[in-house]
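Read the structure below first, then the notes.
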Amino acid sequence: MALTAARRPRSPWFAVRRDLSGGRTTFLTVLSFLVPLGLWCAISYVPGLWQPQMRVTSAGGSETFDLGMRVPKAQFAEENADLVAAGKAPAVGEPCNPVFLPAPHEVGKAMYKAFVTPPKSKGDKWLHEALLHSISIIAWGFGIAALIGVPLGIACGVWAASSRLVEPVVDFLRYMPPPTFGALALAILGINDEPKVAIIVIGILFNMILVVANTTRQVDRGLLEAASTLGARDRQLVTRVVVPAILPTLWNDLRIFIGVGWTYLTVAEMVGASSGISLFINQQGKYRNYDNVFAGIILIGMIGLVTDQILAFLGRVLFPWTGAEPGPLTSACRRLFRRGKS
Amino acid sequence: MIPDSATTTQDIEQRLLKIRDRPVVLEAKHLTRHFRTSQGGTAVALQDVSFQIHRREFVTVIGPSGCGKSTLVRLLAGLDEPTMGEILVDGKTVNGPGPDRGMVFQSYTLFPWLTVQKNVEFGLRMQGKGDNECRSQALQWLEMVGLESKADFYPHQLSGGMKQRVAIARALAARPRVLLMDEPFGALDPETRAQMQSYLLQIWQNINITIVFITHDLDEAVLLADRILVLGAADGVHPGGHLKQFMDVPLPYPHDVDVLRDPKFMAVRTHLDDLVHPRRELVRDRLPITRMVPLGDDV
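Structure, rendered in structure tokens:
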């Protein structure tokens, strides 16, 4: 007997507020990285897709062109026309992209080389040292901001009096761009790492107070009422109810503020004696080693993404009661890993 | 020997009289609560409500919406301050919430970061009890509500009925004098609700506890209670919620779900229905009949 059961129609890719199947989630997560990478590859490797310039491989009779020089196509053609008219040998070149867009393999090579190449002058740092220095600045800045901001934010969320006292002025301060404090920080704290840390602290702290206060205010009033009918005193309401209740949200808030730290890092590292990954990127930019510039930028992105994913994973381990599903990237990795094994 | 209806009635009456001889656990004296409205006026949520509740009594509070049921229970729990009047527990005036008045909320309010057992331990820990005592007592209370197997679960892993049983165990573990319950089964489906009513009656009969139970369900009010506190909403005479009647429930004791089949149950329920929903309100609730869509011949 032939089975004529109607096939279930496939669920649509775009359904308002519905979850995607695991396979599709993985596919899209991988795709979100592959699309920009693919575009980059296409522009770099497919001849004629963009390539608005010519790289001179033989200058011919030209006096203006040098070997390896990149010139716009129009200028190249004009010069060659002039050369031919003057009876000289025309220049030879190949189409290429501008120097600020190196190909992926060049960036990959640069990333590897940057780690194994000793610094040019003796006092300079290796790339990994520069990176560690940047990370330490963020760790200090974020740590100090969290040490002040979290308790203050919780206090603002719990007591209306603290909220009225602290929040108006913080609301005012947070609109001042942290880099503008650079000169001041330099004058007060010297030219080493202290002003850099100060800028990160300023960038994070004020917003953190307001965000943590808001998170604290979200605590279900019913939980506080239940606790007080069970005999909890004011102090216990804060330590036994408010703090544990906000922890998972607080954890995610802090993850976001680590990201904010990276945002202000490049500005902070340019204050006083430049240092860290920003110094590396800026120097390489001056030497027009754009492959190294890309390598530095991508490194920052990778460090940020990896730390955030680790923290997200830790959050799910630390706070099992939220019953949170693993994020798209984690589940995608897991799925890919499992598929690879089987 | 089956008692005839006359003796049963006498037994019931005697029982209800005996309840009044017991010591008063919870007393409300002229409780009044006014609220500021956004227009600057005052709204009267509760006007001059006085009553006495005796030990081991099961009192349900019922009334139409807007009669101040929830305000009353929040005042009793100390979560809200009365504008006038006072609340006495064992003859002493109380201010603010305290472990002598346990509360069970409609929204469960279990602490999501604590396991079921730790939730039940919460009140004991607030009293500074040691680890071993907390654990053994919590497990006993969990056993009483039939959830000792779920001790290590987190609240989000439980069904609504289970959550509410944990909430009851948590409130009882703190050994309150009175257990206040604010529409505790309102969010449950009818089947679970009936089950919970049966559980609650069994628990109440097992332990020495006074219960004040807010509900808007007539059947529930009659089924559970020794006495029913009927509140009325604002009308021509009263500016706000007020005490309409504190009526006895003349049904055989102990109550259980079989009471629902008793013809006397229907009589009490009908009487209560008339009190809570007077006839004129039913007339007022009638919609004007406007035919929007012509009815065809096939209807």
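Keeping their order, the protein sequence lines are chains A and B.
Residue 99 in the working numbering sits at position 99 of the first sequence, and the numbers go up by one each step.
Positions in the second sequence are counted from 1; adding 1000 to them yields the working numbering.
Glycine is no exception: its CB is placed at the ideal position from the N, C-alpha and C atoms.
Cutoff 8 Å: residue i Cβ touching any chain A Cβ
i	result
ALA1174(B)	yes
THR1109(B)	yes
PHE1122(B)	yes
MET1162(B)	no
GLN1324(B)	Residue coverage of chain B in this structure runs from 1001 to 1299, which leaves residue 1324(B) outside it and unanswerable.
ALA1077(B)	yes
PRO1099(B)	yes
MET1181(B)	no
GLY1186(B)	no
GLN1127(B)	yes
TYR1154(B)	yes
GLY1068(B)	no
GLY1130(B)	no
PRO1112(B)	yes
GLY1091(B)	no
C-beta neighbour in chain B for residue i, strict 8 Å
i	result
ALA245(A)	yes
GLU325(A)	no
TRP140(A)	no
GLY222(A)	yes
TRP159(A)	no
LEU39(A)	no
TRP126(A)	no
LEU329(A)	no
Residue i: first and last residue of the uninterrupted beta strand (DSSP E) it sits in
i	result
SER1300(B)	The question about residue 1300(B) has no answer, for chain B in this structure spans 1001 to 1299.
SER58(A)	53-58
ALA1028(B)	1024-1036
LYS1244(B)	1242-1248
GLY93(A)	92-96
VAL1212(B)	1210-1214
Under the three-state DSSP convention, the category residue i falls into
i	result
ALA1174(B)	coil
ALA6(A)	coil
GLN1047(B)	strand
VAL46(A)	coil
ALA227(A)	helix
ARG70(A)	strand
LEU1231(B)	strand
ILE1012(B)	helix
ASP1226(B)	coil
HIS1054(B)	strand
GLY1085(B)	strand
MET111(A)	helix
THR1042(B)	strand
MET1162(B)	helix
LEU1179(B)	strand
VAL1061(B)	strand
SER331(A)	helix
PRO1003(B)	Note that PRO1003(B) scores a pLDDT of 45, beneath 50, so its modelled location is shaky and nothing firm can be said.
HIS1238(B)	coil
Span of the alpha helix (DSSP H) around residue i
i	result
GLY157(A)	127-158
ALA1194(B)	1190-1206
THR215(A)	193-217
THR249(A)	243-269
THR1071(B)	1069-1077
MET302(A)	290-318
PHE1265(B)	1263-1276
ALA15(A)	No alpha helix (DSSP H) contains ALA15(A), which DSSP labels as neither H nor E.
ALA1151(B)	Neither: ALA1151(B) is in no alpha helix (DSSP H) and is coded neither H nor E.
LEU189(A)	182-189
ILE1289(B)	Premise fails: ILE1289(B) is in no alpha helix (DSSP H) and is neither H nor E.
LYS88(A)	Element bounds for LYS88(A): n/a, residue is neither H nor E.
Below-8 Å beta-carbon distance, residue i vs any chain C residue
i	result
PHE1105(B)	Note that chain C does not occur in the displayed structure, where the protein chains are A and B.
Q. What residues in the segment 225-237 of chain A have a beta carbon less than 9 Å from any beta carbon of chain B?
A. Contact residues of the segment 225-237 of chain A toward chain B are GLU225, ALA226, ALA227, SER228, THR229, LEU230, GLY231, ALA232, ARG233, GLN236 (C-beta to C-beta distance below 9 Å).
Q | the segment 249-265 of chain A: positions lying closer than 7 Å to chain B by Cβ | A | none
Q.
Quick check on the DSSP output: what are the complete beta strand (DSSP E) runs of length 3 or more inside the segment 1091-1140 of chain B, in order along the chain?
A. 1101-1104
Q: Return the residues of the segment 304-319 of chain A that lie within a Cβ-Cβ distance of less than 8 Å from chain B, sorted by chain order.
A: Listed in sequence order: PHE319.
Q: Could you please tell me which residues of the segment 3-22 of chain A, in chain order, have their CB closer than 9 Å to any CB of chain B?
A: Listed by position, the residues of the segment 3-22 of chain A near chain B (Cβ gap below 9 Å) amount to none.
Q: Closer than 7 Å, Cβ to Cβ, to anything on chain B: give me those residues from the segment 35-59 of chain A, in chain order.
A: none
**Q.** Contacting positions in the segment 1020-1043 of chain B - beta carbon closer than 8 Å to chain A
**A.** none
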